[in-house]
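Read through the structure below, which is laid out as structure tokens, and then see the notes.
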Amino acid sequence: MRDYLLTLCVTAAVTYLLTGPVRKFAIATGAMPEIRARDVHREPTPRLGGIAMFFGLCAGLLVADHLENLNSVFELSNEPRALLSGAALIWIIGVLDDKFEIDALIKLGGQMIAAGVMVVQGLTILWIPVPGVGTVSLTSWQGTLLTVALVVITINAVNFVDGLDGLAAGMVCIAAAAFFLYAYRIWFSYGIEAASPATLFTAILMGMCLGFLPHNMHPARIFMGDSGSMLIGLVLAAAAISVTGQVDMDALRIFEGGTRQATHAALPVFIPLLLPLTIIAIPVADLLLAIVRRTWKGQSPFAADRGHLHHRLLEVGHSHSRAVLIMYFWSALIAFGVVAYSIHSASMWIVLAVVVLSAIGLVLLLLPRFTPRTPNWAEGMVPPRYRRRRRTRAATAGAPGRDGTAAPEQEEERVPVGVGVSGVNGATAVGPRARFTERSKADSAR
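457 is the number that the numbering used here gives the last residue of the sequence shown; the numbers go up by one with no jumps.
Structure (structure tokens):
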């Protein structure tokens with residue numbers, strides 16, 4: 012575990028330190044597209060954050076290669092090199108798209124080629140456990156098709172959900188954490204070396220996301236762009252493929268008997284492996300809904316719109332940060348709930364906990380206007396929007412005014428962000444959100 016944590020920290024540090032220079036590079040090269048109708052941000056923001064994430068990936072693999080306990084992953088398996096090859100290809104395509112806006116079909120072809128490169132180097136699904144049947148070995152073309160499909164679906168699911176500041180990186184980090192716990196359990200508890208590459212991939216993926224998040228949280232200073240979203244989607248898919256296609260059912264020895272009985276008995280354990288898309292269930296659901304919605308309207312499935320789940324949360328009335336936190340909550344509930352059920356499927360406490368947390372999540376969805384009040388002692392630890400604003404007639408409470416009388420005590424007041432506040436002369440000070448709305452109305456009337 013210590014070596015994995017070291018790899019994670021190095022990856023996060025490299026990604027974090029490089030994001031600042033990458034931001035300056037993106038501004039200098041003009042990788043700051045104009046605001047589109049479907050965008051949520053109000054000012055042009057540089058992209059190309061995936062450059063820092065890619066070098067963080069390279070740094071993590073390089074450090075792991077020189078660690079004694081992780082060096083065997085590179086000696087016994089070709090999967091790290093396959094991952095690096097596919098990641099480099101998809102990263103180049105993403106950088107070109109961030110700068111020149113290449114066609115969606117070209118990106119789809121590049122995603123399939125990147126998946127094919129990984130398959131050629133050995134990162135592919137060899138067999139899948141099927142309940143009631145046993146371990147089914149796949150032919151070469153079956154494994155290739157299944158691997159390419161899983162890579163393409165995961166990449167586009169992550170790319171589709173990348174619509175709010177910090178949303179994609181946070182959700183993928185949650186999914187990677189859940190996958191890391193499961194893969195590490197298989198590798199450490201059962202001693203199966205085939206699970207070690209997936210454990211390494213998820214540790215590096217967490218480092219990439221954690222290192223980039225401080226720069227990407229609302230208000231974001233830089234976007235990861237397609238160079239980042241497609242990259243982390245590919246790494247997450249590679250981890251799922253590595254575990255699903257390389258771990259032998261018989262090696263687990265969970266159930267003594269034939270392969271058919273072992274597969275059926277170990278089905279709860281293999282839920283995250285058989286259905287790796289459950290770890291990113293929300294992005295996949297968003298992807299499927301987007302395809303159905305756009306096809307129903309007669310549009311291309313790759314045509315961008317404002318109908319994603321995070322856009323709906325904003326329309327309901329949730330703030331930017333609250334919408335992101337709600338998506339985090341549901342992602343963590345699904346990911347860790349599935350992993351917990353795979354370990355203790357017979358425990359009713361897990362089911363009850365998931366039900367209770369789901370009820371809490373539904374309540375949060377129905378309270379878009381609720382603003383939590385922060386105690387005075389905790390104001391320094393929360394964002395400014397949750398702090399109490401104080402309005403005074405003098406610079407100091409109780410200080411004498413011009414007429415020699417004492418000014419009244421400070422009055423605590425919760426001032427929503429972007430709402431006009433009455434000034435001293437009776438005029439209204441309009442916040443940035445109100446100014447943005449007025450400017451949009453003026454443009455529409457014009």
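Note that CB positions come from ideal geometry on N, CA and C, so glycine has one too.
Bear in mind the structure is a predicted one, so any value in this text is a computation, not a measurement.
- By the Cβ neighbour-count rule, PHE212 is buried, with 16 or more other Cβ atoms within 10 Å of its own.
- Membership of THR135 in any alpha helix (DSSP H) is not indicated, and neither H nor E is assigned to it by DSSP.
- Annotation: GLY236 to VAL147 spans about 38 Å, alpha carbon to alpha carbon.
- Between the segment 62 to 80 and the segment 91 to 110, the count of Cβ pairs shorter than 8 Å is three or higher; the stretches touch.
- Counting along the chain, the unbroken alpha helix (DSSP H) around GLY181 starts and ends at 178 to 201.
- Around the CB of PRO55, fewer than 16 other CB atoms lie within 10 Å, so the residue is classed as exposed.
- In the DSSP assignment, SER148 forms a beta bridge with TRP138.
- Counted as a single uninterrupted DSSP element, the alpha helix (DSSP H) harbouring PHE223 occupies residues 207 to 227.
- Per DSSP, reduced to three states, the secondary structure at GLN310 is coil, with no helix or strand assignment.
- Straight across, the Cα-Cα distance linking GLU79 with ILE62 is about 28 Å.
- Sorting PRO225, ASP76, VAL74 and GLY133 by C-alpha distance to the C-alpha of ALA93 places GLY133 at the top.
- When secondary structure is reduced to three states using DSSP, ASP237 falls in the helix class.
- The Cβ neighbour count for GLN122, taken over all protein chains shown within 10 Å, is at least 16; the residue is labelled buried.
- The alpha carbon of ALA98 has as its nearest neighbour, out of TYR15, ILE117, VAL128 and THR155, the alpha carbon of VAL128.
- A straight-line Cα-Cα distance of about 44 Å links LYS118 and TRP360.
- In the structure shown, ASN89 adopts coil according to DSSP, grouped into three states.
- An exposed status is given to GLU112, since fewer than 16 other beta-carbon atoms sit within 10 Å of its beta-carbon.
- If you check the CB distance, VAL21 and VAL106 do not come in under 8 Å.
- Its Cα nearest to that of LEU149, the residue ILE136 stands out among ILE136, LEU161, VAL159 and ALA160.
- DSSP places MET64 in the uninterrupted alpha helix (DSSP H) bounded by 61 to 76.
- The distance from the Cβ of SER342 to that of ILE185 is about 5 Å, consistent with a contact at the 8 Å cut-off.
- Per DSSP, reduced to three states, the secondary structure at ILE345 is helical.
- Looking at the backbone, the Cα of ALA24 and that of ALA296 are separated by about 32 Å.
- Contact between PHE191 and MET64 fails: their C-beta atoms lie close to 17 Å from each other, not under 8 Å.
- Counting along the chain, no alpha helix (DSSP H) covers PRO55, and no H or E run does either.
- Residue environment: TRP152 is assigned as exposed (fewer than 16 neighbouring CB atoms within 10 Å of its CB, all protein chains considered).
- With fewer than 16 other CB atoms across the displayed protein chains lying within 10 angstroms of its CB, VAL131 is exposed.
- It is roughly 45 Å from the alpha-carbon of SER207 to the alpha-carbon of LYS308.
- Exclusion of the five residues before and after VAL362 leaves TYR352 as the residues of its chain whose Cβ lies within less than 8 Å of its Cβ.
- A distance below 8 Å between beta-carbons, with the five flanking residues on each side excluded, links HIS226 to the following residues of its chain, in chain order: TYR27, THR30, GLY31, ARG34, GLY60, ARG232 and ILE233.
- When DSSP states are grouped into helix, strand and coil, ASN387 belongs to the helix group.
- With at least 16 other beta carbons inside 10 angstroms of its own, SER240 counts as buried.
- Taking ASN82 as the centre and dropping the five residues before and after it, the same chain places the C-beta of ASP76 closer than 7 Å to its C-beta, in chain order.
- For ARG232, there is no enclosing alpha helix (DSSP H), as DSSP gives it neither H nor E.
- Contact annotation, LEU175 with ALA334: C-beta distance approximately 6 Å; criterion of less than 8 Å satisfied.
- TRP198 is classed as buried because its beta carbon has at least 16 other beta carbons within 10 Å across all chains shown.
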